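**Student:** In the numbering used here, the protein residues as written are 142 to 210.
For each residue, glycine too, the CB sits at the ideal point set by N, CA and C.
On a predicted model such as this, the values are computed, not experimentally measured, just so you know.
Below you'll find the structure I mean.
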Amino acid sequence: MALCSYSLAPIAAQMRIPAAALVALPTAVEVFARKANMPEGRMVIELLENEPLREYLAEICIQTYGAAQ
């Protein structure tokens with residue numbers, strides 16, 4: 142499954158991070174899914190349902206964005 146802004150929009154809407162940091166979201170979700178050995182679509186569903194995991198992902202996006210500047 143190729144991640145697109147449409148599939149990630151619900152997750153992004155629940156994350157309280159700078160809009161510019163969302164650029165890291167697709168790659169972060171892909172990596173999370175690969176490390177959990179699950180399809181990306183399942184990871185998207187898990188992130189919608191699992192607030193602590195979503196918050197952890199937000200922190201990674203913020204750190205990645207900060208490191209890229």
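How many Å lie between Ile201 and Ala162 at the Cα?
**Tutor:** Spanning the two alpha carbons is a distance of roughly 9 Å.
**Student:** Give a yes or no on whether the C-beta atoms belonging to Phe173 and Met156 are separated by under 8 Å.
**Tutor:** Going by C-beta atoms, Phe173 is not nearer than 8 Å to Met156.
**Student:** Please report the distance separating the alpha-carbon of Ser148 from that of Glu190.
**Tutor:** Roughly 14 Å between the two C-alpha positions.
**Student:** Please report the Cβ distance between Gly144 and Glu181, rounded to the nearest whole angstrom; I am assuming they are in contact, meaning their Cβ atoms lie under 8 Å.
**Tutor:** Note that residue 144 is Leu in the sequence shown here, rather than Gly. Going by Cβ atoms, the distance from Leu144 to Glu181 rounds to 6 Å, so yes, they are a contact pair.
**Student:** Measuring alpha carbon to alpha carbon, tell me which residue in Pro193, Leu194, Ile152 is nearest Pro167.
**Tutor:** Taking only the C-alpha atoms, the option nearest Pro167 is Ile152.
**Student:** Which same chain residues end up closer than 6 Å to Thr205 when comparing Cβ atoms and leaving out the 5 residues on each side of it in sequence?
**Tutor:** For Thr205, where only same-chain residues beyond five positions count, the Cβ hits under 6 Å are Ala165.
**Student:** Return the Cβ separation of Ala160 and Leu198 in integer angstroms, given the expectation that the two are a contact with Cβ distance under 8 Å.
**Tutor:** The Cβ separation is near 15 Å, so there is no contact.
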